[in-house]
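Chains as they are written, first to last, in the working numbering: chain A, 4 to 219; chain B, 1392 to 1989.
Virtual Cβ for every residue (Gly too), placed ideally from N, Cα, C.
Source: prediction; values computed, not measured.
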Amino acid sequence: MINIFKTSKTVSLSIDEFFDKIDLGTLNFKKGVQNYIDGNSNEFALNLKSLGVLESEADTIQRKIENDFYLHSLMPNYASDILNLLESVDDIIDMSKDVLSQFDVETPHMPEAIKKDYLDLVELAAKSSEVVVSAARIFFTSPDAVKDKIQKVLFYHRETDTLSNNIKRKIFQEFDSLKLSEKIHLRYFALHIEQVSDASKNIAHQLSSLVIKIKM
Amino acid sequence: MFLFFLSSGLFLGWTLGANDASNVFGSAVGSKLIRFKQAAIIAAIFVVLGAVLQGSGGSHTLGKLGSIDALGGAFTVALAAGIAVFWMTKLKLPVSTSQAVVGAIIGWNFFTDNPTDINSLTKIVTTWISGPILGGIFAVLLFLLLQFILRKSKIHLIRLDAYIKYALLIVGAFGSYSLGANNIANVVGVFIPSAPNITLDFGFFTLDGTQLLFLVGGISIAVGIITYSKKVMMTVGNSLMKLNAETAIIVVLAHSLVLFVFSSQSLSDLFVRIGLPEIPLVPVSSSQAIVGAIIGIGILKGGRNIHGKVIGKIAMGWLVTPVIAGLISFIALFFMSNVFNLKVSENPSKFVKGDIVVTDDSKSFIDSKTKIIEDFDSTPEETKTFNIYKPAVVIVLIILVLLIIYQLYIINKLKEKDKLEEFQESIDRYNAQQIMLESELRMTTETNLKLEKEIEAKEKEQKKVALSIIRKNEILTKLKAEIEILKSKPENTLKFSDLNTLRILILENLNIENERKSFDKYIKELNNSFFQNLEKKYPGLSNNEKKLCSLLRLKLTSKEIASILNITPKSVEVNRYRLRKKMDLKKEEKLSKIIRKL
């Protein structure tokens, strides 16, 4: 009981550190895809490596937070919800790393005409993830302010969805020079990037229910 | 004798502790923010402190409602109230001890034809209404204030959780103190006119008879908290409304403030000094205050989550408790007076038949106390003072030593328990492994059986083919003999039927080569591992010798082998002899046996 202040301070710092890792991960993801599209293979490799390190660090911090929650009975009524939230936030960096690895392994061929669309897509997906992480961060200090952020996340998710569909349509209808296999390959990459924004949307929904629960 | 009569008051204190501690720590324990053990220890300590230091305020009002002038009467009244509260507690309903006591006192008034002080009764009943309302108002104001502070301060939720846990303990301690201060009057208030006329000197402080009475009453409440309050805590914590941590703090704080306001003489004096009306110092219903606070917050939040049925049940308990307590009190007084001839009042009652026989003890006791009862506030003429500083130090030391021994015992017990659990765990693990191995063994046995059956089937098939070859060789020999007979006949005597017989014989044997091939295939398939072992052990064997070995393995006789290999039985014998030599077998070793072992 005496150590509870110290523990709570450590856990709150760990949560902040965890969100920092996810933020950095998102930036590396965005930069990594941009470098791949621009053909900067060395920079891309560096981004992929950094993302791997960040993902592993985020996992370690998440496990530590989980352990502290159970060990010190922190917020017994909301512990499972909060830990689920952190788990979902961790999914973002996991997914980002997977997408970047797929770029590295599968090296999809990108026609010049579609490169800009992909850059915009990754920008939107990263934006949705940045905003949702900021919403999750602010949930711990001002739950009332989460609502505004959630609206932004949903907006970016919708935009990502639309752009992803446009890219798919463009690939299959306008690029006759591409083989079917190449078209399908490109479509999968649009889908993978889109999944990052889907994960952000799920977190936004989790956050809204958590805010209601905590305010009850 | 006094201690015996006080036992009913202590029972009432026990029921109060069991029941009303839930109002202080129920929300915190119910929402699992504080462990019951922690809550019980803090509540017990602060209840005793509140009772001893600030318990006198409410006792005066109860004394005015009905000054119970006989020890037997006080005993019966406290017992009746205690039974009523215990009954309600058993039904897991948060009841008011104040109402039970008031009901029991009115029962006594009715029994003894004593006039009930309407003024005091009005004061008390007013608190039944103002208590919950004030609780609600305090709760709403404090809730809004806390919300404002939280919005402005932006404390991290995890740190807020830690602050809340501490705040719940502090507020709970304050609540327990207020509970002790306010409700001790319910427990021992009826015994004050009969309090022993002694003063105990503890060195640093002294306790007079009334304070000692409050101390004993406080301890009985503490015992009630520790032994029986857990069940009720769970009811208040969860049934009425879902409470989060912040709400739990507000609810307990509002309830504690209500109790404190109605028991603090200093606050009442302060009110008078600044020109406000005096606060009535009345034992307030702790349950009503807490329920008022919860309803206040519920209304502020839009009336959601309030379980109407539970509130209805509690309200029913409020109405029923004083009535039941009054009835029990009346019946008990009737019973005590008429069956045990116990004097329950100085005034003769119309409900008591015959003369009252007063025992010597109680008579002398009552005589010595008559003066005190007549003037409650007057100072007793003779006060015995006991210096118990040294004995108290010795007792504390003994208690400390006992506690250390108990702690060591507990630690030892825990260690043993850990060891036992570890042992049990290893046994479980061993059992699980055994079950797994058994299942693996069963599976292997089943597979082996299946394989054995397959081998058996193949051996049968092989034998069938072998026998077929033998039979066909016999037919060929027969054919050869037939041809020899035909050859010996004169040229012109050959008939068509003779040729036809030969044709049929040949047709039957047309497939002989195919079957031989099939037989070889079977042999190879069946004896795959056998050939490997044979080669490993006897590397110099030729293909024909290996074939011979495989046929010997099938337990075929030399004649049958000869027929299959299309050689004479004599040749088989010779081959067997050569094989023995190559395998370097001794005379006593049987060739077929050794081959089957491979």
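Inspect the beta-carbon positions of residue i and residue j and report whether they are closer than 8 Å.
i       : j       : result
S132/A  : I85/A   : no
A1434/B : V1420/B : no
L1925/B : L1932/B : yes
G1449/B : L1672/B : yes
F1477/B : F1396/B : no
V1581/B : G1404/B : no
M98/A   : A207/A  : no
V134/A  : V149/A  : no
I1583/B : L1603/B : no
S1521/B : S1654/B : no
A1553/B : S11/A   : yes
G35/A   : L103/A  : yes
N1966/B : L1989/B : no
A1530/B : V1642/B : yes
Which residues of chain B have a Cβ atom closer than 7 Å to the Cβ of residue i, listed in chain order?
i     : result
L88/A : The contacting residues do not exist; L88/A stays about 11 Å from chain B at best.
I7/A  : A1553, K1556
V14/A : I1549
S11/A : I1549, R1550, D1552, A1553
Provide the residue span of the beta strand (DSSP E) that contains residue i, from first to last.
i       : result
I1589/B : 1589-1592
D1599/B : 1597-1599
May I ask which residues mark the beginning and end of the alpha helix (DSSP H) holding residue i?
i       : result
D1552/B : 1548-1579
D179/A  : Unbroken run through D179/A: none, as it is neither H nor E.
A128/A  : 115-142
E1979/B : No alpha helix (DSSP H) contains E1979/B, which DSSP labels as neither H nor E.
F1534/B : 1509-1544
M98/A   : 82-109
S1659/B : 1656-1664
S1960/B : A quick correction: the sequence has Pro, not Ser, at residue 1960/B. Run containing P1960/B: 1960-1973, per the alpha helix (DSSP H) assignment.
S1501/B : Looking at the sequence shown, residue 1501/B is not Ser but Phe. That run of the alpha helix (DSSP H) goes 1488-1503.
L1648/B : 1636-1652
V199/A  : 183-218
H1451/B : 1447-1456
Which residues in chain B sit within 8 Å of residue i, going by Cβ to Cβ distance?
i      : result
T29/A  : Chain B residues near T29/A: none, gap ~22 Å exceeds 8 Å.
F143/A : H1547, L1548, I1549
Name, please, each residue of chain B whose Cβ falls closer than 9 Å to the Cβ of residue i.
i      : result
S211/A : What S211/A touches in chain B: nothing, since even the nearest Cβ is about 16 Å away.
Is residue i close to chain A? Criterion is C-beta to C-beta, closer than 8 Å.
i       : result
K1428/B : no
L1832/B : no
A1409/B : no
I1764/B : Any reading at I1764/B needs caution, since the residue's pLDDT is 41, under 50, leaving its predicted position unreliable; the model's value is listed next. Chain A, which has no Cβ nearer than 8 Å to the Cβ of I1764/B, makes this no.
L1424/B : yes
K1754/B : With a pLDDT of only 48 at K1754/B, under 50, the local geometry of the prediction cannot be trusted, and the value read off the model is given with reservation. For K1754/B, the answer is no, since every Cβ of chain A falls outside 8 Å of its Cβ.
List, in chain order, every chain A residue whose beta-carbon is nearer than 8 Å to that of residue i.
i       : result
K1988/B : Result: empty, since nearest Cβ-Cβ is about 56 Å, beyond 8 Å.
L1559/B : Within chain A, no residue comes near L1559/B; the closest Cβ sits about 11 Å away, beyond 8 Å.
L1691/B : Those within 8 Å of L1691/B in chain A number zero; the least Cβ separation is about 12 Å.
Would you say residue i reaches chain B, if we count a Cβ-Cβ gap shorter than 8 Å as a contact?
i      : result
S180/A : no
S104/A : no
S91/A  : no
L74/A  : no
L77/A  : yes
D23/A  : no
### Message
What are the residues in the stretch 1516-1549 of chain B lying within 8 Å of chain D by C-beta distance?
### Response
Note that chain D does not occur in the displayed structure, where the protein chains are A and B.
### Message
When you compare the stretch 1489-1508 of chain B with the stretch 1429-1444 of chain B, are there three or more beta-carbon pairs, one atom per stretch, that lie closer than 8 Å?
### Response
no
### Message
With three or more beta-carbon pairs closer than 8 Å as the criterion, would you say the stretch 1673-1690 of chain B touches the stretch 1643-1650 of chain B?
### Response
yes
### Query
Counting Cβ pairs, one atom from each stretch, are 3 or more of them under 8 Å apart for the stretch 33-51 of chain A and the stretch 9-24 of chain A?
no
### Task
Count the C-beta pairs between the stretch 1659-1669 of chain B and the stretch 1557-1571 of chain B that are closer than 8 Å, then say yes if the count reaches three, no if not.
no
### Query
Does the stretch 168-187 of chain A come close enough to the stretch 52-69 of chain A that 3 or more CB-CB pairs lie under 8 Å?
no
### Task
Determine contact between the stretch 1534-1554 of chain B and the stretch 1673-1680 of chain B, defined as no fewer than three beta-carbon pairs at a distance below 8 Å.
no
#### Entry: At least 3 beta-carbon pairs within less than 8 Å: the stretch 1453-1460 of chain B vs the stretch 1726-1733 of chain B
no
### Query
Is the number of C-beta pairs between the stretch 106-114 of chain A and the stretch 27-42 of chain A that are closer than 8 Å three or more?
yes
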